[in-house]
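Participant: The following block contains the structure, expressed as structure tokens.
Residue numbers (the UniProt record's numbering): 1 to 401.
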């Protein structure tokens with residue numbers, strides 16, 4: 001196994017009956033709560049009123065900021081930060097999906113700087129890595145997808161430059177998060193599917209490219225993949241099934257809490273880099289949907305270039321029961337079976353289906369390399385350069401090996 005340093009500082013409260021305890025914990029961080037939400041669903045479904053009453057019962061004063069977009073925009077984060085400073089907020093609380101949680105982290109970090117713009121602090125910006133602290137952060141996820149409630153990561157978009165870029169700091173890990181599966185019962189089918197795709201991506205990334213030196217991490221990751229593959233069609237058929245929703249919500253958290261890659265070699269998040277570039281150009285594309293569109297092309301590109309066939313074959317064996325004696329056959333068989341799963345769950349699309357113009361492929365590839373590769377080829381068990389990314393993007397149009 002590789003050496004590793006893992007610190008999960010977030011206290012997780014899971015389930016319907018942890019509500020009061022969560023409010024007590026949040027109130028212990030400060031009484032002036034800046035509450036961040038996205039669209040109107042948390043208001044319409046009563047979640048906002050419920051959380052507001054609970055925190056007011058702890059003597060807290062709340063200021064609501066609503067309107068965080070999917071793929072949250074730098075300008076919106078900047079406006080929210082100005083309101084937080086005027087309010088003199090002490091805690092930033094996110095109620096919503098990954099975008100609300102990512103925005104809350106960026107707001108909490110920007111608020112303690114002397115600046116008014118978050119974008120220079122993102123990957124590739126001239127202030128990258130210069131944040132030194134953040135206000136305390138707490139999260140209530142309403143989707144099973146990003147695991148932002150436990151990670152140190154935030155992702156910000158900037159339509160002015162057609163960009164989407166992350167920023168990561170240990171102090172972005174929330175202090176407390178309440179995972180209540182009840183808050184995911186009303187998710188639309190498309191959002192549920194996109195979330196499942198996102199969960200899988202967090203496991204695939206390091207599993208495929210991080211080597212084979214941590215068999216325990218392999219089994220851990222395979223369990224998450226198998227759980228999502230089995231559970232998604234069940235929860236689509238029974239959307240109000242609490243136990244199924246709980247299974248996906250916990251799988252989401254486990255997929256990106258750090259254990260999934262402990263003991264493996266570090267590896268780049270290639271799928272995420274390419275998808276972030278795509279949805280930086282096309283902000284209406286849901287992150288999980290963009291990832292699902294890339295899976296078949298990316299996996300087939302890896303197979304064609306003889307990258308990590310052993311890992312693909314092992315997934316085929318352990319997730320789908322494919323005999324892995326012939327690694328070349330088993331790895332391709334896994335890709336075929338996974339494509340079938342995507343098709344059966346309405347996740348198999350091309351980039352053109354999502355409205356992406358092929359004329360933008362080269363610019364998307366250039367942005368990926370410039371931002372995520374710092375101007376150099378990325379590593380995917382060998383070099384992955386700008387032309388390789390263009391090829392992968394073109395392969396989403398159903399080009400097979």
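Where a beta carbon is used, it is the ideal one built from N, C-alpha and C, also for glycine. Owing to the predicted nature of the structure, the values given are computational and were not obtained by experimental measurement.
Check each candidate in 16, 194, 234 and 95 and name the one with the smallest Cα separation from residue 347.
Facilitator: Here the closest residue by C-alpha is 194.
Participant: On the DSSP bridge assignment, give the partners of residue 337 in chain order.
Facilitator: According to DSSP, residue 337 bridges with nothing at all.
Participant: With 16 as the cutoff for other CB atoms within 10 Å, does residue 264 come out buried or exposed?
Facilitator: Label assigned to residue 264: buried.
Participant: Starting from residue 252, trace the alpha helix (DSSP H) in both directions and tell me its first and last residue.
Facilitator: Note, residue 252: alpha helix (DSSP H), 242-254.
Participant: Roughly how many whole angstroms lie between the Cα atoms of residue 51 and residue 24?
Facilitator: Cα to Cα, the separation comes out at about 12 Å.
Participant: Taking only three categories from DSSP, how would you classify residue 79?
Facilitator: Here residue 79 sits in helix by DSSP.
Participant: Where do the ends of the alpha helix (DSSP H) carrying residue 277 lie?
Facilitator: Taken as a continuous stretch (DSSP letters only), the alpha helix (DSSP H) holding residue 277 covers 270-281.
Participant: Relative to the alpha-carbon of residue 11, which residue among 140, 62, 41 and 80 has its alpha-carbon at the smallest distance?
Facilitator: Minimum Cα distance to residue 11 is reached at 140.
Participant: Assuming residue 119 is part of the beta strand (DSSP E), what are its boundary residues?
Facilitator: No beta strand (DSSP E) contains residue 119, which DSSP labels as neither H nor E.
Participant: Which residues in the same chain have their Cβ closer than 7 Å to the Cβ of residue 258, if we skip the five residues on either side of it in sequence?
Facilitator: Excluding sequence neighbours, residue 258 sits near 6 and 8.
Participant: Spell out the partners DSSP gives residue 164 in its beta bridges.
Facilitator: Residue 164 pairs with 157.
Participant: For residue 61, which residues does DSSP report across the bridge?
Facilitator: Its beta-bridge partners are 32.
Participant: Taking the alpha carbon of residue 73 as the reference point, which residue from 305, 92, 122 and 55 has its own alpha carbon closest?
Facilitator: Comparing Cα positions, the closest option is 122.
Participant: Cutting at 7 Å between CB atoms, please list the residues of its own chain near residue 324, excluding the five before and the five after it.
Facilitator: Contacts found: 313, 314, 316, 317 and 330.
Participant: Evaluate residue 253 with the Cβ neighbour count: other Cβ atoms within 10 Å of its Cβ, from every protein chain shown; 16 or more gives buried, anything less gives exposed.
Facilitator: Per the 10 Å Cβ criterion, buried.
Participant: Provide the residue span of the beta strand (DSSP E) that contains residue 96, from first to last.
Facilitator: Where residue 96 is concerned, the enclosing beta strand (DSSP E) stretches over 91-96.
Participant: Go through the segment 128-154 residue by residue and report every complete run of the beta strand (DSSP E) that reaches 3 residues or more, in order.
Facilitator: Within the segment 128-154, the complete beta strand (DSSP E) runs of at least 3 residues are 137-141.
Participant: In three-state terms, what does DSSP make of residue 69?
Facilitator: Looking at residue 69 - three-state DSSP - the assignment turns out to be coil, as it is neither helix nor strand.
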